[in-house]
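Chemist: Here's a structure for you.
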Amino acid sequence: MTLVILIAGTTNGLAGFGFALVGTMALATVIDPATAVVFMIIPILAVNLSLVRDLSREELRTCSRRFGPLIGAALVGTVVGMVVLSSIPNGPLRVGLGLLTLGFVATAQQRIPLPEWSSGGIGAFAQTRVGMLGVGGISGLLFGGTNVGVQLIAYLRSFDLSHGLFVGVVALVFLGLNGIRVGVAGLLGLYPSRIIILASVVAAIPAVIGVAVGKRLRVTASERARRLVVLGLLTVVGFRLVGGGLGLI
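For the sequence shown, the tail end lands on 265 under my numbering, and the numbers increase by one without skipping.
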């Protein structure tokens, strides 16, 4: 589990995203998927806290105002998604997580051209306050139940932010979401035991270490290399989840 968290953290530091997706999906192949989702909440919070510190105070204020409706709607959707999580059967949850992972790989790859909407080109309306409320609510619902936030990442990419600012904004959004998820998970009794909570807190350490390593690698790694690492990992994990959910593995 420590190795999984380290790799996921390095992936996030390298590419600016991927920690929740890689970590949750990899853990879900060996432990109960619902437990994997809640286990990753605290490490995700720690990772985003370390990344959001890269934003200056002015950037932090500007981004908070600009993306406030998105964050607010996503918070509401996240709570609803967490309430639904406990009622989803194990097998279908594994298959669903795997298909979501492979779907992200399909839309993120650049060899096969896809429709504009599939890669986050969702029009000017989606970038308005009303559009942010819709995108935030639906994305929060999915994120709350699965830790899958790629739809939010694709949406934020449509704003053509610089890589450094993009990483910071993504961290800011997910910092807010995971801050409330820690309390909600406790109130809903989603943690199977106190040992899981303690292990989740301890897992924040290798998560932050992995991010630091990934940040150093980011300076020398090309965009193509970063993409290859992330998509390669997610492809393997996605197929394993689908196979496990269908009883093939």
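Where a beta carbon is used, it is the ideal one built from N, C-alpha and C, also for glycine.
What are the uninterrupted segments assigned as alpha helix (DSSP H) that are 4 or more residues long and contained completely in the stretch 157-218, given in chain order?
Modeler: Entirely contained in the stretch 157-218, the alpha helix (DSSP H) runs reaching 4 residues are, in chain order, 166-173, 179-203.
Chemist: Would you grab the beta carbon distance between A228 and A62 for me? Rounded to a whole angstrom, and I think it's under 8 Å.
Modeler: So it is not a contact: roughly 12 Å between Cβ atoms.
Chemist: What number of angstroms, rounded off, separates the C-alpha of S80 from the C-alpha of T144?
Modeler: Going by the C-alpha atoms only, they are around 15 Å apart.
Chemist: Would a C-beta distance cut-off of 8 Å place L262 and V111 closer than the cut-off?
Modeler: Closer than 8 Å, so yes.
Chemist: State the DSSP-derived secondary structure class of F120, mapped to helix, strand or coil.
Modeler: Helix at F120.
Chemist: Report the residue ranges of all alpha helix (DSSP H) runs contained in full by the stretch 44-92; include only those spanning at least 4 residues, in chain order.
Modeler: The stretch 44-92 contains these whole alpha helix (DSSP H) runs: 49-55, 57-68, 73-82.
Chemist: So G25 and A187 are supposed to be a Cβ contact under 8 Å. How far apart are they, rounded?
Modeler: Contact doesn't hold; Cβ gap of about 13 Å is too wide.
Chemist: May I have the straight-line CA-CA distance separating N28 from Y207, to the nearest angstrom?
Modeler: Each residue's Cα considered, the two are about 25 Å apart.
Chemist: Does the distance from the C-beta atom of G156 to that of V92 stay below 8 Å?
Modeler: Against a cut-off of 8 Å, the Cβ pair of V92 and G156 comes out as a contact.
Chemist: Determine whether the beta carbon atoms of L86 and V183 lie at a separation below 8 Å.
Modeler: No. Outside cutoff.
Chemist: With a CB to CB cut of under 7 Å and the five nearest residues on each side skipped, what residues in its chain are close to A237?
Modeler: Within the same chain, A237 has close Cβ partners L30.
Chemist: Ignore the nearest five residues each way along the sequence and tell me which others in V185's own chain have a CB closer than 7 Å to its CB.
Modeler: The answer, listed in chain order, is C79, F83, L172, L177.
Chemist: What is the C-beta distance between G34 and A90, in whole angstroms, given that I count them as a contact (C-beta under 8 Å)?
Modeler: Actually they are not in contact, since the Cβ atoms of G34 and A90 sit about 18 Å apart, beyond 8 Å.
Chemist: According to DSSP, simplified to helix, strand and coil, what is T327?
Modeler: Lying outside 17 to 265, the shown extent of the chain, residue 327 is not represented and no answer is given.
Chemist: Just to confirm, is the Cβ distance from P49 to L109 under 8 Å?
Modeler: Against a cut-off of 8 Å, the Cβ pair of L109 and P49 comes out as a contact.
Chemist: Assign T45 to buried or exposed, taking buried as 16 or more other Cβ atoms, counted over all protein chains shown, within 10 Å of its Cβ.
Modeler: Buried is the call here.
Chemist: How would you label S103, buried or exposed, when you count the other beta carbons within 10 angstroms and need 16 or more for buried?
Modeler: That one is exposed.
Chemist: Please state whether the Cβ-Cβ distance between N194 and V53 is less than 8 Å.
Modeler: Cβ distance not < 8 Å, so N194 and V53 don't count as in contact.
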